[in-house]
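> The structure is given below, and queries will be raised subsequently.
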Amino acid sequence: METLAALGLTDDLFVQVAAILVVSAVAGTIAVWLRLPLVIAYVAVGVVAGPSAADLVQPGGELELLAQLGIALLLFVVGLKLDIHVIRTLGPVSLAVGGAQVALTAAGGFLLALALGLDVTPALYVGIGLALSSTIIVIKLLSDRRELEDLHGRLAVGILIVQDLVVVVVMIALTASGESEGSTGAALLGVLAKGIALLAVLGVLMRWALTPLLHALARLPDLLVLFAIAWAVALGALGDELGFGVEVGAFLGGVSIASTPYREAIGSRLVTIRDFLLLFFFIDLGSRVDLGQLADELWIAVLLSVFVLVLKPIIVIGLLGAMRYRKRVSLETGLALAQISEFSLILGALGLRLGHIDEDTTSLLTAVALVTIAVSVYVYPYSGAIASRLEGFLEIFERAEPRPEEALTEHPPDVIVLGLGRYGDGIVEGLRERGVAVLGVDFDPVALADWSEQGVDVLYGDAEDPEFLHVLPLPEHGWVVSTVRRVDVNLALLHALSHHGYTGHVAVAAHRRADVERLTKAGADHVLMPYVSAAREVVELISDGR
Numbered sequence: 001m002e003t004l005a006a007l008g009l010t011d012d013l014f015v016q017v018a019a020i021l022v023v024s025a026v027a028g029t030i031a032v033w034l035r036l037p038l039v040i041a042y043v044a045v046g047v048v049a050g051p052s053a054a055d056l057v058q059p060g061g062e063l064e065l066l067a068q069l070g071i072a073l074l075l076f077v078v079g080l081k082l083d084i085h086v087i088r089t090l091g092p093v094s095l096a097v098g099g100a101q102v103a104l105t106a107a108g109g110f111l112l113a114l115a116l117g118l119d120v121t122p123a124l125y126v127g128i129g130l131a132l133s134s135t136i137i138v139i140k141l142l143s144d145r146r147e148l149e150d151l152h153g154r155l156a157v158g159i160l161i162v163q164d165l166v167v168v169v170v171m172i173a174l175t176a177s178g179e180s181e182g183s184t185g186a187a188l189l190g191v192l193a194k195g196i197a198l199l200a201v202l203g204v205l206m207r208w209a210l211t212p213l214l215h216a217l218a219r220l221p222d223l224l225v226l227f228a229i230a231w232a233v234a235l236g237a238l239g240d241e242l243g244f245g246v247e248v249g250a251f252l253g254g255v256s257i258a259s260t261p262y263r264e265a266i267g268s269r270l271v272t273i274r275d276f277l278l279l280f281f282f283i284d285l286g287s288r289v290d291l292g293q294l295a296d297e298l299w300i301a302v303l304l305s306v307f308v309l310v311l312k313p314i315i316v317i318g319l320l321g322a323m324r325y326r327k328r329v330s331l332e333t334g335l336a337l338a339q340i341s342e343f344s345l346i347l348g349a350l351g352l353r354l355g356h357i358d359e360d361t362t363s364l365l366t367a368v369a370l371v372t373i374a375v376s377v378y379v380y381p382y383s384g385a386i387a388s389r390l391e392g393f394l395e396i397f398e399r400a401e402p403r404p405e406e407a408l409t410e411h412p413p414d415v416i417v418l419g420l421g422r423y424g425d426g427i428v429e430g431l432r433e434r435g436v437a438v439l440g441v442d443f444d445p446v447a448l449a450d451w452s453e454q455g456v457d458v459l460y461g462d463a464e465d466p467e468f469l470h471v472l473p474l475p476e477h478g479w480v481v482s483t484v485r486r487v488d489v490n491l492a493l494l495h496a497l498s499h500h501g502y503t504g505h506v507a508v509a510a511h512r513r514a515d516v517e518r519l520t521k522a523g524a525d526h527v528l529m530p531y532v533s534a535a536r537e538v539v540e541l542i543s544d545g546r
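At position 22 of the sequence shown the residue is numbered 22 (our numbering), and the sequence of numbers has no breaks.
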C-alpha cells in the first residue's frame, strides 16, 4: 500500500495534520461504536501512522510540540481540581488506602517486572505505572452509571486524587535525578530549594494578585481562557527551566488558581482544548511502538495486564476490608481502578526523555494501557454480578463489625434510614430537628462515626444483605426509608421486609419514573425521587415569588 510518505505528502505539515485528524475521527467513531474509550483509538492511530506501519508520523517530530501542550493542559486541569480545601477534606481513608495501594501495587509490579527480565530502572517505571489508575476512564465509568456519589464512587475518586499527588511527587524526584550531573542527593536538595522558592512566589500571587487579576479578566471570558492557557504553558516552561519538568510546572499553575472562584469556569472551557491537544500526545506515544519488538514481548504485556486486572483490585479490596468496608463496596472500588492511567504513559514519556528507559519500555506500558482500559470498560458494568459470584471468596477480606443491636432494641427508633449519603444526611438532619428518634444505617464507617459523634444512633449494615434485617429493630408503626437509588437493592429490601412480616411504612428512592410502578407493586408506600422533588420545590419557589 502506498503511504503518504511515499507520495511525498508528509513534507507538508498541514497535510500531515489533516490526514491524522481524518484518520483519528474515523477511529474515534469506531471506538464509540465498540464502546471503547477514545484514548485507545488515538494510540491505535499512532501505531498505524508510526514508522512500524504507514510511516506518516515520526516519534518526536513536529507534532511533539502539540503533544507537550496537551500534557501541560492536562496537568493544569488536574491542578485546578486540587483546591487546598479538597486536599484537607480527603479524609484518612482516602489517604491511607490511596497511599498504601500505590506503594503495594508499585512494589508488586516492580518485582513482577524484574522476574520477567526487565532491568531495575525500567522495572521501577513499570511498577509505578501499574499502580496508577485512569482518572478519565474511572470518572466516565462512574458517571455513566450515576455512581459518583455512591460510597464506592467517592472512595475511588479519593484514591485517584491521592494517586495524582503521588505521581506529581514522583515526577519531581525523577526529573531532579535525571538532571543531576553529580550527586543525586545534592540535585534533589537543589530542586527542593527551587521548589520552595517557587511555591513561596505562587503563594504571594495567590494571596494578593491572581484573584483580582482573574476578576478583571472574567468580564471577557475569551481573555480568561487565553490567560489560563498562557499561565499553564508559562508555568510549565518555568518548571522545566527549574528542573521540575513541564508537567509539574503546569500542575502547580493549576493549583495556584484552584482556590479562586473561577476554577470551574476555566476548567470547563479548557476541557475541549485539552482533549484535542492530548490527541497528538497519544498519537505520538503510539508512533513509538515498535510492533516487531512488541510482538516479542507480548507475553510480558499480558502478564502485567493480568496483574493490573486481578491483583490490583485484590490489593484495594484487602485495604478497604481492613478499614471495615463491606466486600461489595471494596470490590466495586477495586474494579473501577483496574486499569493503568494516562499518567502512566506520561511517566513513561518522561523517563524516555530523561534517558532512564528506552522505547521498548514505553511500548510495553502502552500495550498494558490498551489491554487494561479496554477490559475494565467492558467488565466494570458487571461488577454487581461479579460480586455475587465471588461472595464466598470475598469474605476473607471482610472484617467483622460489632453491632450494638441489644442497646437499640431497648429504645427502638421511629424511623430507620438506610443510606447516609447526601440525601440520607438531609433526611436524618430534618427528622432530628423535629424530635424524631432516628437510626442511621450505612456501611461507610466514616459516615457512621460522624453521625455517632452528633448523638445519632447508627448501625453498620448493608441493605443488600437479606440477613441483616434480623438484627434491625424494626418499628411496628414507624418508617423504613431507603435512600439507595438502585432498583434491584430496593426490590430485595421490600421482599425481605415482607418476608419478616413488617407492618410499618416503607419509602424507597429511585432514579427513573419507570421504576416507580415496580417498587409500588413490590410493597413501597412511597417512592422518593430526589431530583423530581427538588425540581418541584424550585417550581413552587418561583411560582410563589411571582
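Beta carbons are placed, not taken as given, at the ideal position from N, Cα and C, and that holds for glycine.
These figures come from a predicted structure and were not determined experimentally.
(1) According to DSSP, what are the bridge partners of R440?
(2) Three-state secondary structure (DSSP) at H477?
(3) Specify, as a first and last residue, the run of the beta strand (DSSP E) that A507 falls within.
(4) Please confirm if the region 123 to 130 is in contact with the region 95 to 106, defined as three or more CB-CB distances below 8 Å between the two stretches.
(5) Report the partner residues of V527 according to the DSSP bridge assignment.
(6) Is it the case that the Cβ atoms of L352 and T366 are separated by a distance below 7 Å?
(7) Counting only the same chain and skipping the five closest in sequence on each side, list residues whose C-beta sits under 7 Å from that of L319.
(8) Tell me, please, whether the region 108 to 115 touches the region 304 to 324 by the rule of three or more beta-carbon pairs shorter than 8 Å.
(9) Just list the residues that DSSP pairs S482 with in beta bridges.
(10) Who are the Cβ neighbours of V532 in its own chain at under 6 Å, not counting the five residues just before and after it?
(11) Rounded to the nearest angstrom, how far is the Cβ of Y420 from that of G440, given a contact under 8 Å?
(12) Express the C-alpha separation of H495 and V167 in angstroms, rounding to a whole number.
(13) Could you tell me whether the region 253 to 269 touches the region 287 to 302, using the rule of 3 or more Cβ pairs below 8 Å?
(14) Report buried or exposed for E147, applying the criterion of at least 16 other Cβ atoms within 10 angstroms of its Cβ.
(15) Could you tell me if P37 is buried or exposed, where buried requires 16 or more neighbouring beta carbons within 10 angstroms of its beta carbon?
(16) Specify, as a first and last residue, the run of the alpha helix (DSSP H) that Q16 falls within.
(17) Are the CB atoms of W479 and V428 nearer to each other than 7 Å?
(18) Here's the rule: buried if 16 or more other CB atoms are within 10 angstroms of the residue's CB, otherwise exposed. What is Y325?
(19) My assumption, with CB atoms under 8 Å, is that E62 sits in contact with L13. Please give the rounded CB distance.
(20) Mind pulling the beta strand (DSSP E) runs of 3 or more residues that sit fully within the region 245 to 328?
(21) Would you check if the distance between the CB atom of F76 and the CB atom of G253 is smaller than 7 Å?
(22) Whole angstroms is fine: what's the gap from F251's alpha carbon to L235's?
(23) Give the C-beta separation of E342 and S134 to the nearest angstrom, bearing in mind that I take them to be a contact with Cβ-Cβ under 8 Å.
In brief:
(1) With the sequence shown as reference, residue 440 is identified as Gly, and Arg is not the correct amino acid for it. Per DSSP, the beta-bridge partners of G440 are V417, V458.
(2) The answer is coil: DSSP assigns H477 none of H, G, I, E or B.
(3) It spans 505 to 509 - the beta strand (DSSP E) in which A507 sits, taken as one unbroken run.
(4) Touching, per the Cβ criterion.
(5) Per DSSP, the beta bridge partners of V527 are V508.
(6) Here L352 is not near T366, since their CB atoms are 7 Å or more apart.
(7) Scanning its chain for C-beta atoms nearer than 7 Å, with the 5 sequence neighbours on each side dropped, one finds around L319 the residues V97, A100, Q101, in chain order.
(8) The region 108 to 115 and the region 304 to 324 touch, with no fewer than 3 CB-CB distances between them shorter than 8 Å.
(9) S482 pairs with L418, V508.
(10) Once the five neighbours on either side are set aside, V532 has no close Cβ partner at all.
(11) One detail in the question is off: residue 420 reads as Leu in this sequence, not Tyr. Indeed they touch by this definition, with Cβ atoms about 5 Å apart.
(12) Computed Cα separation, rounded: 47 Å.
(13) The answer is no - the region 287 to 302 does not touch the region 253 to 269, with fewer than three Cβ pairs under 8 Å.
(14) Buried, since its Cβ has 16 or more Cβ neighbours within 10 Å.
(15) Around the CB of P37, 16 or more other CB atoms lie within 10 Å, so the residue is classed as buried.
(16) Here the alpha helix (DSSP H) through Q16 covers 13 to 33.
(17) For W479 and V428, no; Cβs fall outside 7 Å.
(18) Buried.
(19) About 5 Å; that satisfies the 8 Å criterion.
(20) With a minimum length of 3 residues, there is no unbroken run of beta strand (DSSP E) contained wholly in the region 245 to 328.
(21) Yes; because the gap between Cβ atoms is below 7 Å, this pair is in contact.
(22) If you take the alpha carbons of F251 and L235, they lie about 8 Å apart.
(23) Between the beta-carbon of E342 and that of S134 there is about 6 Å, and that keeps the pair under the 8 Å contact cut.
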